[in-house]
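Below is one structure, written out as structure tokens, with a few remarks after it.
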Amino acid sequence: MSAAAGETIPLTGWAGFRARHASGLRQMRFLAWSFSRSPSSMLGLAIVLAFLILAGFGPWIAPYPGDAAGAMNLGNRLQPPSLAHPFGTDEMGNDLLSRIIIATRTSLWVGLTIVVIAAAVGVPLGIAAGYFGGWVRAVIMRVTDIFLSVPGLVLALAIVAALGPGIVNGIVALAIVWWPGYVRLVEAKALALRHEPFVEAARAVGAGHGRILALHILPNCTSPIVVKASMDMGLAILAAASLGFVGLGAKPPAPEWGAMISVARTYMPNWWWYALFPGLAIYLTVLGFNLFGDGLRDVLDPKSARG
Numbered sequence: 005m006s007a008a009a010g011e012t013i014p015l016t017g018w019a020g021f022r023a024r025h026a027s028g029l030r031q032m033r034f035l036a037w038s039f040s041r042s043p044s045s046m047l048g049l050a051i052v053l054a055f056l057i058l059a060g061f062g063p064w065i066a067p068y069p070g071d072a073a074g075a076m077n078l079g080n081r082l083q084p085p086s087l088a089h090p091f092g093t094d095e096m097g098n099d100l101l102s103r104i105i106i107a108t109r110t111s112l113w114v115g116l117t118i119v120v121i122a123a124a125v126g127v128p129l130g131i132a133a134g135y136f137g138g139w140v141r142a143v144i145m146r147v148t149d150i151f152l153s154v155p156g157l158v159l160a161l162a163i164v165a166a167l168g169p170g171i172v173n174g175i176v177a178l179a180i181v182w183w184p185g186y187v188r189l190v191e192a193k194a195l196a197l198r199h200e201p202f203v204e205a206a207r208a209v210g211a212g213h214g215r216i217l218a219l220h221i222l223p224n225c226t227s228p229i230v231v232k233a234s235m236d237m238g239l240a241i242l243a244a245a246s247l248g249f250v251g252l253g254a255k256p257p258a259p260e261w262g263a264m265i266s267v268a269r270t271y272m273p274n275w276w277w278y279a280l281f282p283g284l285a286i287y288l289t290v291l292g293f294n295l296f297g298d299g300l301r302d303v304l305d306p307k308s309a310r311g
């Protein structure tokens with residue numbers, strides 16, 4: 005059945021989606037093009053993707069996946085790097101490459117969980133403090149200042165020591181000390197937005213606080229939140245490795261980068277590969293997320309990047 009002259013035929017499927025979101029798709033393509041122009045940003049993206057692949061497919065990529073469970077093969081203990089064991093072996097004869105690959109999933113999961121919990125707590129509090137102001141802002145910011153006054157890692161160590169060692173307790177401890185950064189970031193942004201013309205217009209037509217916060221304040225805070233979260237991933241993984249290094253992270257025999265370095269220090273310098281390769285994994289992960297976060301900041305918040 006043909007359409008009448010001048011009648012618009014509604015588009016469906018992918019064509020309809022592209023027509024309805026043409027402006028947003030153009031902006032996304034421009035952001036992707038801008039991101040791809042930076043070699044350091046692309047290097048960070050490549051490193052992050054590589055570790056994500058290792059985390060997702062580690063058990064199938066690792067040459068000796070059984071070694072991640074703490075198997076004992078004392079005949080191969082502390083072997084230097086070779087074709088059979090490219091990263092050497094540990095004091096139990098386990099393949100270090102396999103244990104590092106399997107530990108990638110734990111490290112990324114820990115980092116992501118810490119960042120998600122911290123953002124879930126800090127972002128709503130920051131928005132409330134910046135938008136409502138007054139006593140609400142005073143109470144939230146004073147509590148935030150109390151947490152910020154204590155060095156984060158020291159407070160996390162105290163919390164884990166009180167709760168007991170373990171990966172879950174480590175996540176809880178680090179999330180508790182991580183959320184104030186999101187409060188500070190979002191509070192400043194919401195404070196600047198609450199008197200913007202589009203917010204005043206929404207308020208004038210009778211929009212409630214919840215609608216204004218959800219549709220006007222939060223979307224305009226998304227860019228700095230995404231940038232901070234991407235850069236916090238590397239820092240959270242490093243902090244979790246620090247807890248593992250002092251024996252407050254994942255429990256043996258589960259492989260964890262910080263715990264591996266802690267054990268390896270007793271075998272330095274003769275068996276140098278034991279500490280080198282887990283340390284290199286931490287270094288590359290932090291570097292990748294930092295470069296990736298810098299690239300996102302340059303694209304999503306260019307004014308901040310120039311400053």
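In the working numbering, the protein residues as written are 5 to 311. Ideal Cβ positions, reconstructed from N, Cα and C, are used throughout, including at glycine. Treat the numbers as computed from the prediction; the structure is a model and nothing was measured.
- Comparing C-alpha distances from Ala-160 to each of Ala-240, Asp-149, Val-267 shows the shortest one belongs to Ala-240.
- With a threshold of 16 other beta carbon atoms within 10 Å, Ile-171 meets it and is buried.
- Between the beta-carbon of Thr-110 and that of Ala-258 there is about 7 Å, and that keeps the pair under the 8 Å contact cut.
- Nearest in C-alpha terms to Leu-195, of all of Ala-142, Ile-286, Gly-212, is Ala-142.
- Excluding sequence positions up to five before and after Val-190, its CB lies within less than 6 Å of the CB of Val-127, Gly-130, Ile-131, Cys-225, all in the same chain and listed in chain order.
- Assignment of Asp-149 by DSSP, reduced to helix, strand and coil, places it in the helix class.
- The continuous alpha helix (DSSP H) containing Tyr-135 extends over residues 100-136.
- In this structure, Gly-92 is the residue among Ser-266, Gly-92, Ala-73 with its C-alpha nearest to the C-alpha of Arg-81.
- Contact check for Ile-106 and Pro-63: beta-carbon distance about 7 Å, within the 8 Å limit, so the pair qualifies.
- For Asn-274, there is no enclosing alpha helix (DSSP H), since its DSSP letter is neither H nor E.
- Counting C-beta atoms within 10 angstroms of its own C-beta, Pro-201 has fewer than 16 neighbours from the protein chains shown and is therefore classed as exposed.
- Proximity to Ala-244 across Arg-198, Leu-157, Ala-268 peaks at Leu-157, based on C-alpha coordinates.
- Approximately 18 Å separates the beta-carbon atoms of Gly-115 and Gly-299; this is outside 8 Å, ruling out the contact.
- The segment 263-271 makes no contact with the segment 205-212; the number of CB pairs closer than 8 Å stays below 3.
- Between Gly-138 and Ala-192, the CB-CB gap reaches or exceeds 8 Å.
- Remark: C-beta atoms of Gly-248 and Gly-262 approach each other more closely than 8 Å.
- Taking Leu-288 as reference, the option from Val-52, Ala-73, Gln-31 with the minimal CA-CA separation is Val-52.
- Short of 8 Å from the beta carbon of Phe-281, and not among the five residues preceding or following it, lie these beta carbons of its own chain, in chain order: Phe-91, Gly-92, Leu-100, Leu-101, Ile-104.
- Shortest Cα-Cα distance from Leu-252 to any of Val-230, Ala-162, Phe-293, Leu-56 involves Ala-162.
- Val-231 places its beta carbon 8 Å or farther from that of Leu-35.
- For Ala-194, the enclosing alpha helix (DSSP H) covers residues 171-197.
- If the five residues before and after His-213 are omitted, its C-beta is found closer than 6 Å to no C-beta atom of its own chain.
- Contact annotation, Phe-151 with Ser-234: C-beta distance approximately 22 Å; criterion of less than 8 Å not satisfied.
- If you look at Ile-57, you'll find it in the alpha helix (DSSP H) that goes 43-65.
- Around the Cβ of Phe-55, a 10 Å sphere holds 16 or more other Cβ atoms; the residue is buried.
- Trp-113 is the residue among Ser-38, Trp-113, Gly-79 whose C-alpha sits nearest the C-alpha of Gly-60.
- The C-alpha of Ala-122 lies about 4 Å from the C-alpha of Trp-183.
- Lys-255 is the residue among Lys-255, Asp-149, Leu-197, Ala-124 whose C-alpha sits nearest the C-alpha of Ala-73.
- Looking at the DSSP output, Thr-93 bridges to Asp-99.
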